[in-house]
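A quick write-up on the structure given underneath.
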Amino acid sequence: MAKASELRAKDVAALETEIKELLKSHFNLRMQRATQQLNDHSVLKKTRREIARARTILTEKKQGAAK
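Take 62 as the starting number for the sequence shown in my numbering and just add one per residue.
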């Protein structure tokens, strides 16, 4: 789990890569839940929050670069 300060230190390309990896991870977790292989369902919520955190910081960076 990456902290917001760690994500803010990354550049836009690295953030986009991070988001892609998180989305893949979230998809795999959803498939595990569908096949009843996932034991800890709270991981889904955590990954969703991490994706949102990374997307928010990415948007902030893009808006800051546009100004």
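A virtual CB, placed ideally from N, CA and C, is assigned to each residue, including glycine.
Looking only at C-alpha atoms, which of the options sits nearest to residue i?
i: residue 81; options: 125, 124, 127, 109; result: 109
i: residue 87; options: 76, 102, 69; result: 102
Could you tell me how far apart the beta carbons of residue i and residue j are, in whole angstroms, since I believe they sit closer than 8 Å?
i: residue 94; j: residue 105; result: 7 Å
i: residue 79; j: residue 115; result: 5 Å
i: residue 111; j: residue 63; result: 7 Å
Apart from the five residues just before and just after residue i, which ones in its own chain have a Cβ nearer than 7 Å to its Cβ?
i: residue 90; result: 99, 104, 105, 108
i: residue 65; result: 114, 118
Within a Cβ cutoff of 8 Å, which residues of the same chain sit near residue i, ignoring the five residues on either side of it in sequence?
i: residue 73; result: 119, 122, 123, 126
i: residue 77; result: 119
i: residue 68; result: 76, 79, 114, 115, 118
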